[in-house]
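These protein sequence lines are chains A and B, in that order.
Note that this note's numbering has the first sequence beginning at 34, numbered continuously upward.
Note that this note's numbering has the second sequence beginning at 34, numbered continuously upward.
Number of protein chains: 2
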Amino acid sequence: MTGPASPLPVHGCPLCEADGGTVVLAGSGWRVIRANEAGFPAFYRVVLTDHVAEWTDLDELRQAEVLRVVSVVERALRDQLQPTKINLAALGNVVPHLHWHVIARFDWDSHFPAPVWAVPLRQVPEERLQGVQSRLSCVEDQIRQRMAALA
Amino acid sequence: MTGPASPLPVHGCPLCEADGGTVVLAGSGWRVIRANEAGFPAFYRVVLTDHVAEWTDLDELRQAEVLRVVSVVERALRDQLQPTKINLAALGNVVPHLHWHVIARFDWDSHFPAPVWAVPLRQVPEERLQGVQSRLSCVEDQIRQRMAALA
Numbered sequence: 034m035t036g037p038a039s040p041l042p043v044h045g046c047p048l049c050e051a052d053g054g055t056v057v058l059a060g061s062g063w064r065v066i067r068a069n070e071a072g073f074p075a076f077y078r079v080v081l082t083d084h085v086a087e088w089t090d091l092d093e094l095r096q097a098e099v100l101r102v103v104s105v106v107e108r109a110l111r112d113q114l115q116p117t118k119i120n121l122a123a124l125g126n127v128v129p130h131l132h133w134h135v136i137a138r139f140d141w142d143s144h145f146p147a148p149v150w151a152v153p154l155r156q157v158p159e160e161r162l163q164g165v166q167s168r169l170s171c172v173e174d175q176i177r178q179r180m181a182a183l184a
Numbered sequence: 034m035t036g037p038a039s040p041l042p043v044h045g046c047p048l049c050e051a052d053g054g055t056v057v058l059a060g061s062g063w064r065v066i067r068a069n070e071a072g073f074p075a076f077y078r079v080v081l082t083d084h085v086a087e088w089t090d091l092d093e094l095r096q097a098e099v100l101r102v103v104s105v106v107e108r109a110l111r112d113q114l115q116p117t118k119i120n121l122a123a124l125g126n127v128v129p130h131l132h133w134h135v136i137a138r139f140d141w142d143s144h145f146p147a148p149v150w151a152v153p154l155r156q157v158p159e160e161r162l163q164g165v166q167s168r169l170s171c172v173e174d175q176i177r178q179r180m181a182a183l184a
């Protein structure tokens, strides 16, 4: 709608200059990364390739494309991990380059039911985190398979 | 996709049993509310009428409908308030009834650039908040007009 269709990479933007995490799948105009955030192994991001700041900088077609990827990631997290809740967010206050956080939350995690950005409420035994970690390859296989099926 | 098409209201759910804020506009299957959150006058929510928990409980058609409303709210906030950033989030850890937070953020607000759920960083002069507050009727007029135009 507004903004150029393919803006140039922005010098100094961490999501223009680097992947921002472990790339799970790179599509046309977006990538899925594992964020590797401490305490939240099942924390993924769908990052737009172009440096645009706001959701409404995308037209409806591109919104639908990006949302389809977000939904595939959410579905894989639900299917493979049975989390208590999925959290979706596009904030971008620090890095105004459009990216969706897709986070599997568990009632035992360090912050639940508070958002991951709030003050932690408890410590989590390492085994719990490793239990999730051990399933991430299944999550990521499902993401790749579903996106391939949609292509 | 999963879940019944129109689940019954859930006893004890605050978004089944009450509006959850000041209703700006009620549509078919959703409502836009002003959240009346202290320190964040331009904090709106798009609340699903049905009690469903997760984004992927909606089929693509309903996702697109809800996202169109979210985008109209975001666009009205951008046009009328020129915020530093828009924040979008569907968390639902405390109230697992699908609702999108649509928040206009300002570089002077109590938490910026941290999320609104983090620890506050500063106090905000009341005049700043009143300046935003005085523009909300324009935001809400635009929301109603754009949704009417789309109907």
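We put the beta carbon where it would ideally sit given N, CA and C, even for glycine.
Hey, how far is the Cα of residue i from the Cα of residue j?
i                            : j                         : result
alanine 181 of chain A       : alanine 51 of chain B     : 42 Å
leucine 162 of chain B       : arginine 108 of chain B   : 20 Å
valine 135 of chain B        : asparagine 126 of chain B : 17 Å
lysine 118 of chain A        : histidine 144 of chain B  : 25 Å
phenylalanine 114 of chain B : tryptophan 133 of chain A : The residue asked about is misnamed: residue 114 of chain B is leucine in this sequence, not phenylalanine. Roughly 23 Å separates the two Cα atoms.
alanine 147 of chain B       : serine 170 of chain A     : 31 Å
glutamate 173 of chain A     : tyrosine 77 of chain A    : 10 Å
proline 42 of chain A        : leucine 48 of chain A     : 9 Å
valine 165 of chain A        : cysteine 46 of chain B    : 29 Å
phenylalanine 139 of chain A : asparagine 120 of chain A : 11 Å
aspartate 90 of chain A      : alanine 151 of chain B    : 26 Å
arginine 179 of chain B      : valine 103 of chain B     : 12 Å
aspartate 112 of chain B     : arginine 168 of chain B   : 11 Å
How would you list, in chain order, the residues of chain A whose beta-carbon sits under 9 Å from the beta-carbon of residue i?
i                        : result
proline 74 of chain B    : Neighbours of proline 74 of chain B on chain A: none; closest Cβ ~18 Å, over 9 Å.
proline 40 of chain B    : Neighbours of proline 40 of chain B on chain A: none; closest Cβ ~17 Å, over 9 Å.
glutamate 107 of chain B : Glu87, Trp88, Thr89
proline 129 of chain B   : Thr117, Lys118
Run through the DSSP bridge pairs and tell me what residue i is partnered with.
i                        : result
histidine 144 of chain A : Its beta-bridge partners do not exist; DSSP assigns none.
alanine 137 of chain B   : B:Ile119
histidine 132 of chain A : A:Val80
tryptophan 63 of chain A : A:Leu81
glutamate 93 of chain B  : None; glutamate 93 of chain B has no bridge partner.
leucine 41 of chain B    : Leucine 41 of chain B is not bridged to any residue.
List, in order along the chain, the chain B residues whose C-beta lies closer than 9 Å to that of residue i?
i                            : result
phenylalanine 145 of chain A : Asn126
Contact criterion: CB-CB distance below 8 Å. Does residue i meet it with respect to chain A?
i                         : result
leucine 100 of chain B    : yes
leucine 121 of chain B    : yes
alanine 97 of chain B     : yes
glutamine 178 of chain B  : no
tryptophan 150 of chain B : yes
proline 158 of chain B    : no
serine 104 of chain B     : yes
Which chain A residues sit within Cβ distance under 8 Å of residue i?
i                       : result
arginine 111 of chain B : Glu87, Thr89
Under a CB-based cut-off of 8 Å, is residue i close to chain B?
i                       : result
arginine 138 of chain A : yes
glycine 36 of chain A   : Residue placement at glycine 36 of chain A is poorly supported in this model, since its pLDDT is 46, which falls under 50; the coordinates still yield a value, given next. So no, glycine 36 of chain A is outside the interface.
Residues of chain B with a CB under 8 Å from the CB of residue i: which are they?
i                     : result
proline 47 of chain A : None at all; the shortest Cβ gap to chain B is about 14 Å.
Give every residue of the same chain whose Cβ lies closer than 8 Å to the Cβ of residue i, excluding the five residues on either side of it in the sequence, and list them in chain order.
i                       : result
arginine 101 of chain A : Leu183
valine 157 of chain B   : Gly72, Trp141, Asp142, Ser143
alanine 123 of chain A  : Trp88, Leu131, His132, Trp133, His134
threonine 55 of chain A : Ile66, Arg67, Asn69
glutamate 98 of chain B : Gly62, Trp63
For residue i, I'd like the list of residues in its chain whose CB is within less than 7 Å of its CB, leaving aside the five on either flank, ordered along the chain.
i                         : result
isoleucine 176 of chain A : Val57, Leu58, Val65, Val105, Val106, Ala109
Considering only residues of the same chain and omitting the five flanking positions on each side of residue i, which have a CB-CB separation below 6 Å?
i                       : result
alanine 86 of chain A   : Pro129
glycine 62 of chain B   : Thr82
glutamate 70 of chain B : Phe76
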